[in-house]
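Before any comments, here is the structure.
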Ligand SMILES: [Fe+3]
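Chains as they are written, first to last, in the numbering used here: chain A, 70 to 279; chain B, 234 to 474.
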């Protein structure tokens with residue numbers, strides 16, 4: 070389908086700057102202001118699915134750990150359906166207790182970000198493509214990042230699904246696909262997926278123009 | 234997935250590139266390999282939706298939402314506008330978040346060490362859900378200019394940071410709003426990361442005397458345009474969602 074350029078022009082992006090925490094995670098900036106805060110915990114007691122923890126660090130071009138990055142994630146529920154009207158996979162239930170979105174800041178001291186969430190199910194691919202492997206959509210903003218960076222987190226214990234994922238399979242050379250695979254570790258009975266992001270350098274993470 | 238829920242391709246020529254050496258922080262934080270172009274799947278055309286009950290009554294009133302024993306110091310202003318998409322339609326019920334320095338140019342942030350004083354009655358952040366036409370408004374004080382470590386004498390023009398969602402994660406956008414007539418605008422290395430002069434101009438909010446409140450507040454108007462979906466009839470459905 071051919072789509073001509075629409076009449077209005079998208080507003081230009083600007084860096085989130087060093088003080089992004091004030092607006093989006095004020096608690097990390099050092100104060101409390103809103104009654105309801107958005108957070109890195111996506112699950113409630115009623116949420117269906119396997120509890121997991123995602124954690125990682127974000128490295129700059131010298132390999133240094135950055136400590137001021139905003140990380141947001143967006144994902145499907147355990148059945149593989151997004152809590153959104155554009156997802157019409159009627160055969161899968163919506164989980165009303167799971168929005169599927171969270172935000173975190175990398176810690177000012179350790180640089181570690183974390184999310185408490187559930188493992189997403191598989192979502193249909195584009196028309197004519199295989200279903201996508203379970204994945205989490207990741208978006209980064211910070212000082213020194215002029216425009217939010219989009220990437221995806223896939224799971225190391227989903228080798229079969231990953232091998233037929235239409236997005237992973239597109240990435241060339243195949244070695245770079247590894248930058249999108251979070252490595253599973255089992256810690257005290259909890260599944261932890263470690264997802265380090267490299268903004269630049271030899272192991273630069275694959276970022277997408279979506 | 235319905236093809237009408239896909240977004241128009243992003244025109245990256247009007248956004249800043251990742252590497253802009255005059256804004257030095259980008260040098261080590263810019264990916265150097267090309268982005269992989271991804272045709273939209275459900276993962277990109279969907280995104281988080283927010284509910285009115287998540288927004289507090291004072292969340293869009295920065296003059297009062299952190300006031301303890303008085304009002305913040307500074308020039309009282311109203312900032313208002315609409316969130317539109319590229320098809321020119323208002324984006325209703327979408328989350329707009331904003332943050333800024335106080336009148337002296339100091340942020341309430343543990344990492345901000347600028348010598349201007351903290352204002353005990355000013356937090357510097359707020360948020361709103363757009364109304365059925367995509368409209369938003371908030372009340373605040375005009376932020377001050379502040380220096381930042383880039384060149385020896387680099388100053389940011391007065392600005393307010395904005396974060397916007399839209400209805401799909403591919404619309405996610407963070408930007409900054411500037412004020413008409415600010416003499417620092419042509420000197421700013423961060424605004425200067427944007428290659429397109431017209432795109433810069435659209436970030437400069439004009440004074441809006443029609444919206445000013447006599448003997449109380451001046452007003453500035455700032456419209457934000459997000460990416461549009463390829464078929465507009467689909468958006469009608471989202472608006473009712
Ligand atoms: Fe700023």
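We put the CB at the ideal spot given by N, CA and C, even for glycine.
The beta carbon of residue 336(B) is closer than 6 Å to those of 306, 307, 374 and 377 in its chain, skipping five residues each way along the sequence. For residue 234(B), the three-state secondary structure derived from DSSP is coil.
When the alpha-carbon of residue 241(B) is set against those of 273(B), 247(B) and 437(B), the nearest one is in 273(B). For residue 362(B), the number of other beta carbons within 10 angstroms of its own is at least 16, and it is reported as buried. Around the beta-carbon of residue 219(A), 16 or more other beta-carbon atoms lie within 10 Å, marking it buried.
Neighbours of residue 236(A) across chain B, judged by C-beta separation under 7 Å: 271.
Here residue 380(B) has 388 as same chain residues with Cβ atoms under 6 Å from its own Cβ, once five neighbours each way along the sequence are excluded. Chain-order list of chain B residues neighbouring residue 131(A): 261, by C-beta distance under 9 Å. Of all residues in the region 383-396 of chain B, those with a C-beta nearer than 8 Å to a C-beta of chain A are 394 and 396, reading in chain order. The Cβ-Cβ distance between residue 366(B) and residue 323(B) falls below 8 Å. Nearest CB-CB separation between residue 79(A) and chain B: below the 8 Å threshold.
Using a CB distance cut-off of 8 Å, residue 85(A) counts as an interface residue toward chain B. Checking the DSSP bridge columns, you'll see residue 318(B) partnered with 459(B). For the region 263-277 of chain A, the beta-carbon criterion of a distance under 8 Å to any beta-carbon of chain B is satisfied by 268, 269, 273, 274, 275, 276 and 277. Around the C-beta of residue 201(A), 16 or more other C-beta atoms lie within 10 Å, and the residue is accordingly described as buried. Out of 106(A), 84(A) and 108(A), the CA that lies nearest to the CA of residue 263(B) is found in 84(A). Membership of residue 231(A) in any beta strand (DSSP E) is not indicated; the residue belongs instead to the alpha helix (DSSP H) covering 228-232. Straight-line measurement puts the Cα of residue 271(A) at about 42 Å from the Cα of residue 284(B). Secondary structure note for residue 430(B): its alpha helix (DSSP H) is the uninterrupted segment 430-434.
With respect to chain B, the C-beta atom of residue 98(A) has a partner C-beta closer than 8 Å. In this structure, the CA atom of residue 278(B) is about 5 Å from the CA atom of residue 401(B).
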